[in-house]
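Below is one structure, written out as structure tokens; comments come after it.
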Amino acid sequence: MVAPSSRRIPLTVLLPVPMPPVSPIKRSSGTAYDGEPMAEEVDFSRERPGDAIVVGAGPAGTAAAITMARKGLQVMLIERGQKPGAKNVMGGILYNHYLEEVLGDDWKSAPLERPIIREDRWIMTADASINIGYNNLRNQQHPHSYSVLRARFDPWFSGQAEAAGAFVLPETVVTDLVLENGRVAGVSTGREGDVFAKVVIVCEGVGLGAGLLEKAGLKRKARANEMAMAVKEIIAMDPARIEERFNLAPGDGASIECYGHATKGLSGFMFIYTNKETLSVGGGALLSEMSDTRLTRDELEQRTPNALMEHFKSLPEIKPLLQGGETVEYLAHMIPEGGYHGIPKVYGPGYLVCGDAAMLSNPVHREGSNLAMASGRLAGETVVHCKEKDSFEEADLREYRLRLDSSWIMADMKKYDKAVPLLEHNPQMMNKYPALADRALDEFFRVDGVSKFDKQKRILRMLRKEGGLRFLLDNLKAARALRIPF
Numbered sequence: 277m278v279a280p281s282s283r284r285i286p287l288t289v290l291l292p293v294p295m296p297p298v299s300p301i302k303r304s305s306g307t308a309y310d311g312e313p314m315a316e317e318v319d320f321s322r323e324r325p326g327d328a329i330v331v332g333a334g335p336a337g338t339a340a341a342i343t344m345a346r347k348g349l350q351v352m353l354i355e356r357g358q359k360p361g362a363k364n365v366m367g368g369i370l371y372n373h374y375l376e377e378v379l380g381d382d383w384k385s386a387p388l389e390r391p392i393i394r395e396d397r398w399i400m401t402a403d404a405s406i407n408i409g410y411n412n413l414r415n416q417q418h419p420h421s422y423s424v425l426r427a428r429f430d431p432w433f434s435g436q437a438e439a440a441g442a443f444v445l446p447e448t449v450v451t452d453l454v455l456e457n458g459r460v461a462g463v464s465t466g467r468e469g470d471v472f473a474k475v476v477i478v479c480e481g482v483g484l485g486a487g488l489l490e491k492a493g494l495k496r497k498a499r500a501n502e503m504a505m506a507v508k509e510i511i512a513m514d515p516a517r518i519e520e521r522f523n524l525a526p527g528d529g530a531s532i533e534c535y536g537h538a539t540k541g542l543s544g545f546m547f548i549y550t551n552k553e554t555l556s557v558g559g560g561a562l563l564s565e566m567s568d569t570r571l572t573r574d575e576l577e578q579r580t581p582n583a584l585m586e587h588f589k590s591l592p593e594i595k596p597l598l599q600g601g602e603t604v605e606y607l608a609h610m611i612p613e614g615g616y617h618g619i620p621k622v623y624g625p626g627y628l629v630c631g632d633a634a635m636l637s638n639p640v641h642r643e644g645s646n647l648a649m650a651s652g653r654l655a656g657e658t659v660v661h662c663k664e665k666d667s668f669e670e671a672d673l674r675e676y677r678l679r680l681d682s683s684w685i686m687a688d689m690k691k692y693d694k695a696v697p698l699l700e701h702n703p704q705m706m707n708k709y710p711a712l713a714d715r716a717l718d719e720f721f722r723v724d725g726v727s728k729f730d731k732q733k734r735i736l737r738m739l740r741k742e743g744g745l746r747f748l749l750d751n752l753k754a755a756r757a758l759r760i761p762f
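Residues in the sequence shown are numbered from 277 upward in steps of one, following our numbering.
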């Protein structure tokens, strides 16, 4: 396993300063990952720009940096945190297929937590839950997903970029894109001044404030119904206790995701993911529902991320699972939920956009990090192709969008484009219908001297009376929104 550099290295130390405002970066000569000679000097000045600057050392940015650096390109990976992972948050499930696409067999040394053997989905009401579980013991030998902690994973992942030849620059805030003659030519940093490259790859995620692209007028600000506010606690617990509580074999992991009453009926879900010595507990909902101006102050306070977290942890099905654990970290994060039609222009003169910054997220399948890594890899491959052609014009960078369009990424984004609006505009799906299902199952399983034939009639009568035509239409609407083939 390659340990990344977390030291703070001023650019001015690495080369004599030729002219302000920024010094070139010099490093010893060597060999790129693929064996090609690596340039002795990596110069990100205006006169001699590097090949690429990547903003954000999350899954998207690091995947892009690795892809380019392994082909011998001059890459700078900038991270605002003290080290990669210090400012990054995700729920906690990573799919190794996409990690392998970026790293090959090197992914096997990644500091992953537990392979996910069991997947549970709980549809909750105030006093009951409908649990759907899938336990796959084949995943013990051939896992396809793992729980992960970004504070451990991201430094390792960026270390792979550094080992491939990328220059990783932590503790550096990018304040603006540098625009010259209508083209993104570099970035302004709060610590080192301006640095320049032929392409800037923006992987800064989403947030409440204006990002680099918004400030440069290259992207509109995301709307409240296109973002979810998510929170997460890391709860320390003895590994043996985790395995006992979640009925797991030693080393195995589980994922529990809860809907309905778990989020007080809001469009979102809560989760528990098992790590080696901790639990990742959290969830979130659409920002528009947390800040609905039609609600009173008291009602809004009940919808804050903290209120949702405390509500979830207090539920009778959840509380025993967490009992005795100690919260060691609290995190918050914005998640893109804009769907296919929320995707901004992902390429332009001198820039590409990946991951959350490109609104690439699939909440139906809790997929974010894999879309980030896949889009970062495609962006990196596009820049490599531009380097081979020695042309970085907008028409050349358009290949990134074409690669996205021909991949599974855009196919999935299109398929689930209407999923979030469906829940946003049909709140009954997160509160009324789970309650109807609860009542139907209560009747079905109750032994009370009533014949099964009469019970079935009761259930159908109840569904017709309280669900009616709206219930049937909503199910059809859901099938269409999810593009379920018939």
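For glycine and all other residues, C-beta sits at the position ideal for the given N, C-alpha and C. Computed from a predicted model, the values in this text were never measured in an experiment.
Taking 9 Å as the threshold (C-beta atoms), are residue j and residue i in contact?
i           : j           : result
residue 562 : residue 513 : no
residue 625 : residue 584 : no
residue 518 : residue 557 : no
residue 506 : residue 437 : no
residue 430 : residue 384 : no
residue 421 : residue 372 : yes
residue 588 : residue 462 : no
residue 553 : residue 596 : no
residue 433 : residue 338 : yes
residue 651 : residue 680 : yes
residue 538 : residue 607 : no
DSSP three-state label for residue i, please.
i           : result
residue 529 : strand
residue 660 : helix
residue 366 : coil
residue 592 : coil
residue 564 : helix
residue 619 : coil
residue 251 : A query on residue 251 cannot be resolved here, the shown segment of the chain reaching from 277 to 762 and no further.
residue 692 : coil
residue 587 : helix
residue 554 : strand
residue 631 : helix
residue 441 : coil
residue 640 : helix
residue 409 : strand
residue 518 : helix
residue 328 : strand
Apply the 10 Å Cβ neighbour rule to residue i and answer buried if 16 or more other Cβ atoms are within range, or exposed otherwise.
i           : result
residue 324 : exposed
residue 658 : buried
residue 293 : Reliability of the predicted coordinates at residue 293 is poor, the pLDDT of 29 falling under 50, and the value obtained from them is presented with this limitation in mind. That one is exposed.
residue 745 : exposed
residue 573 : exposed
residue 671 : exposed
residue 465 : buried
residue 684 : exposed
residue 599 : exposed
residue 663 : buried
residue 741 : exposed
residue 791 : Nothing can be reported for residue 791: it is not among the residues displayed for the chain, which extend from 277 to 762.
residue 408 : exposed
From this set, the options, which residue's C-alpha is nearest residue i's C-alpha?
i           : options            : result
residue 610 : 552, 481, 716, 476 : 481
residue 781 : 335, 401, 680      : Past the boundaries of the shown model lies residue 781; the chain is included only from 277 to 762, so the question cannot be answered.
residue 495 : 682, 637, 487      : 487
residue 526 : 600, 393, 492, 649 : 393
residue 647 : 743, 460, 409, 688 : 688
residue 435 : 361, 398, 374      : 361
residue 755 : 592, 551, 694      : 694
residue 603 : 349, 509, 478, 449 : 509
residue 377 : 336, 599, 700      : 336
residue 467 : 678, 448, 474, 485 : 448
residue 497 : 566, 524, 580, 621 : 621
residue 548 : 329, 748, 367      : 367
residue 489 : 328, 666, 630      : 630
residue 425 : 478, 365, 417, 443 : 365
residue 750 : 724, 727, 718, 706 : 706
residue 593 : 379, 403, 753      : 403
residue 524 : 544, 412, 483      : 412
Who are the Cβ neighbours of residue i in its own chain at under 6 Å, not counting the five residues just before and after it?
i           : result
residue 355 : 333, 446
residue 460 : 453, 476, 626, 627
residue 415 : 391, 393
residue 635 : 612, 614, 618, 619
residue 397 : 408, 533
residue 351 : 328, 341, 344, 345, 442
Cutting at 7 Å between CB atoms, please list the residues of its own chain near residue i, excluding the five before and the five after it.
i           : result
residue 264 : Here the chain has residues from 277 to 762 only, and residue 264 is not among them.
residue 720 : 731, 735
residue 601 : 511, 512, 513, 555
residue 491 : 452
Keeping to the same chain, check which residues put their C-beta closer than 8 Å to that of residue i; ignore five residues upstream and five downstream.
i           : result
residue 296 : Model confidence at residue 296 stands at a pLDDT of 33, short of 50, so the residue's coordinates are unreliable and nothing is read from them.
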